[in-house]
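One structure is given here, and the rest of the page talks about it.
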Amino acid sequence: SAYMSRTPSSTGNRKTFTSSFWVKLGDLTDCALPMPSVSQSANYGAFLSSGIIQFFIYYTGSSWQGQLYTNRVFRDPSAWYHFVIVVDTTQAASTERVRIYVNGQRETSFSTENYPSQNQDTDFNNSGEAMGIGVNAASFSGSFGEYYAAEMVYIDGTAYGPENFGEYNSSGIWVPKDVSGLTFGTNGFHIDGRDSSDLGDDESGNGNDFSTSGLATHDQVSDS
Numbered sequence: 586s587a588y589m590s591r592t593p594s595s596t597g598n599r600k601t602f603t604s605s606f607w608v609k610l611g612d613l614t615d616c617a618l619p620m621p622s623v624s625q626s627a628n629y630g631a632f633l634s635s636g637i638i639q640f641f642i643y644y645t646g647s648s649w650q651g652q653l654y655t656n657r658v659f660r661d662p663s664a665w666y667h668f669v670i671v672v673d674t675t676q677a678a679s680t681e682r683v684r685i686y687v688n689g690q691r692e693t694s695f696s697t698e699n700y701p702s703q704n705q706d707t708d709f710n711n712s713g714e715a716m717g718i719g720v721n722a723a724s725f726s727g728s729f730g731e732y733y734a735a736e737m738v739y740i741d742g743t744a745y746g747p748e749n750f751g752e753y754n755s756s757g758i759w760v761p762k763d764v765s766g767l768t769f770g771t772n773g774f775h776i777d778g779r780d781s782s783d784l785g786d787d788e789s790g791n792g793n794d795f796s797t798s799g800l801a802t803h804d805q806v807s808d809s
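So for the sequence shown, our numbering puts the first residue at 586; every next one is plus one.
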């Protein structure tokens, strides 16, 4: 039942944002991935359900605008996966308003697929809307993330592709890259877990630290 949380005090860009994170999965059945979810009863965010990524961004009260379920299943507990989720509702083409990348490659096959209206304001980056990492932020209960997470980066106001967060090494393996030169925006952050006594510390320079619940110094673990 461990998670991180933060409530923005300022409104950022509600139309355009990017989430990048690395995970080594444990529970494949029901967990909130380490993209921040927001505190709406519709459970906006990215979740893993039976190995399938389920992404939700906006609910009108009667229908979804922005709901993607991948056909591909992610269930290798020994591998690090890199996910990048890009939202930019200003795009004219509906399929460009939400994009999902895994290990540098775009996901294009979905069992459920609909997109937000052009220029739709979401509840992300909204002042007073609580954000949760590894939990459903609507109630800070349920869908807890059971995995190892690393290099959690959130960008407020810019739609960055995966090449800004990862690259292929000389062995052809997709690995993290330095993100310090990116523009993080008002509510952007970079949580790398370097400080075991403050696991939610933001290294972006913004000071957008997350508080932790149920996490202790021994939860910082070197990958083996």
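The C-beta atom is built at its ideal place from N, Cα and C for all residues, glycine as well.
Exercise. If residue 771 sits next to residue 603, beta carbons under 8 Å apart, how far is it from one beta carbon to the other, in whole angstroms?
Worked result: Mapped onto the sequence shown, residue 771 falls at position 186. Mapped onto the sequence shown, residue 603 falls at position 18. Going by Cβ atoms, the distance from residue 771 to residue 603 rounds to 14 Å, so no, they are not a contact pair.
Exercise. Which word fits residue 775, buried or exposed, when buried means at least 16 other C-beta atoms lie within 10 angstroms of its C-beta?
Worked result: Here the question's residue 775 lines up with position 190 in the sequence shown. That one is buried.
Problem set entry | residue 642 - containing beta strand (DSSP E), residue span | Along the sequence shown, one-based indexing puts residue 642 at 57. Looking at the DSSP string, residue 642 is not in any beta strand (DSSP E), and its letter there is neither H nor E.
Problem set entry | residue 706 - DSSP class collapsed to helix/strand/coil | Here the question's residue 706 lines up with position 121 in the sequence shown. The answer is coil: DSSP assigns residue 706 none of H, G, I, E or B.
For this session: Pick helix, strand or coil for residue 593, following the three-state DSSP scheme.
Result: Taking the first residue of the sequence shown as position 1, residue 593 is located at position 8. Residue state, collapsed to three classes: coil.
For this session: Would you list the one or two residues that DSSP bridges to residue 752?
Result: Reading the sequence shown from its first residue, position 167 is the one you call residue 752. DSSP, once it has assigned bridges, lists 760 as partnering residue 752.
Exercise. Does DSSP put residue 743 in a helix, a strand or coil?
Worked result: Reading the sequence shown from its first residue, position 158 is the one you call residue 743. The answer is coil: DSSP assigns residue 743 none of H, G, I, E or B.
For this session: Would you tell me roughly how many angstroms separate the C-alpha atoms of residue 798 and residue 712, rounded to the nearest one?
Result: Along the sequence shown, read from residue 1 onward, the residue named residue 798 stands at position 213. Along the sequence shown, read from residue 1 onward, the residue named residue 712 stands at position 127. The straight-line gap from Cα to Cα measures roughly 22 Å.
Exercise. Among the residues of its own chain, which have a CB less than 6 Å from the CB of residue 781, if the five just before and after it don't count?
Worked result: Numbered from 1 along the sequence shown, position 196 holds the residue referred to as residue 781. Around residue 781: 802 and 805.
For this session: Please report the residue range of the beta strand (DSSP E) in which residue 630 lies.
Result: Position 45 of the sequence shown, counted from the first residue, corresponds to residue 630. From DSSP, the beta strand (DSSP E) with residue 630 extends over 630-634.
For this session: With a 10 Å radius around its C-beta and 16 neighbouring C-beta atoms as the bar for buried, classify residue 763 as buried or exposed.
Result: Position 178 of the sequence shown, counting from 1, holds the residue named residue 763. With fewer than 16 other Cβ atoms within 10 Å, it is exposed.
For this session: Taking only the alpha-carbon atoms, compute the straight-line gap between residue 670 and residue 737 and give it to the nearest angstrom.
Result: Start at 1 with the first residue of the sequence shown, and residue 670 comes out as number 85. Start at 1 with the first residue of the sequence shown, and residue 737 comes out as number 152. Whole-angstrom Cα-Cα distance: 12 Å.
Exercise. With C-beta atoms as the reference, is residue 589 less than 9 Å away from residue 750?
Worked result: What you label residue 589 is simply residue 4 of the sequence shown in a count that begins at 1. What you label residue 750 is simply residue 165 of the sequence shown in a count that begins at 1. Not a contact, by the Cβ cut-off of 9 Å.
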